[in-house]
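Contents: one structure, followed by commentary.
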Amino acid sequence: MLKSSLVVAFLLIVFGLFTVRFILFRDSPLESSELAVYGQVPDFSLIDSNANEFSSNQLKGKIWVADFIFTKCAGPCLAMSQKMAEFHKNFQKDDRVRMISVSVDPSRDSPQVLDAYASRYGADTNTWYFLTGSSEAIHKLAFKGFKVSSVEDSINHSTYFVLVDQKMQIRGYYDGVHQEKMSQLSKDILSLLEEI
């Protein structure tokens, strides 16, 4: 009898502690899945791989991922474009998601060159946009808009993917050469989609 009373008392204490912990910490920021806001992407206008003007207005209301690449890159761009192709394939049927790859070598990466590059990765250029423009516009967008490293020297461009929400707010930075960061990006895209 004493033994069963002790077991019941122990279970009640454990249950009580669990309940108190749940009530006190259910809204704890450590457990929150909400993504931080790192800034606002400014309005921009570039040229797409079909030689049409592309406005950032086309991305409003969408969850999107941006990266900065160039087609002659023999380094990280290959891995980054392959990762972007995987995201594109995984989210292509979801009209709420878009991808953009901005060339940091506009003198070489004409719309025609970008179109061939897009084809190489099986891109549907209605949902994955390959963009170019003036060096000044691209530098301003990368450095001041997305707050990634300077792209004045294309060899030293950023390897980060930037996650942007439907309100044009930057919600995350993910190093494109680390698989665990790419897995987190995929989870964070899904998290933002739940907010829409």
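Heads up: the sequence shown is residues -15 to 180, going by this note's numbering.
Every residue, glycine too, gets a C-beta built ideally from N, C-alpha and C.
Computed from a prediction, not measured in an experiment: that's the story for all the values here.
Asked, Found
"Do V86 and A35 come within 9 Å of each other at the CB atom, strictly closer than that value?", "no"
"DSSP on M83, reduced to helix/strand/coil?", "strand"
"Return the chain-ordered ranges of every beta strand (DSSP E) run that is complete within the stretch 21 to 46 and spans a minimum of 3 residues.", "29 to 32, 37 to 39"
"Using C-beta distances below 7 Å, list every residue in its chain close to P13, excluding the 5 sequence neighbours before and after it, in chain order.", "Only weak support is given to the placement of P13: the predicted model assigns it a pLDDT of 37, under 50, and the value that follows is read from those uncertain coordinates. No residues qualify anywhere along the chain."
"Taking C-alpha atoms, which residue in Y101, V21, D149, K67 lies nearest to S40?", "D149"
"Looking only at C-alpha atoms, which of H162, Y157, V161 sits nearest to D172?", "Y157"
"With DSSP as the reference, label V161 as helix, strand or coil.", "coil"
"Taking 8 Å as the cut-off, does the CB of L177 come closer than this to any heavy atom belonging to the ligand SAH?", "Of ligands this structure carries none, so the ligand SAH is not represented either."
"What is the residue span of the alpha helix (DSSP H) that V97 lies within?", "95 to 104"
"Would you kindly report the start and end of the unbroken beta strand (DSSP E) that includes L115?", "112 to 116"
"Which partner residues does I53 have in the DSSP bridge list?", "S87"
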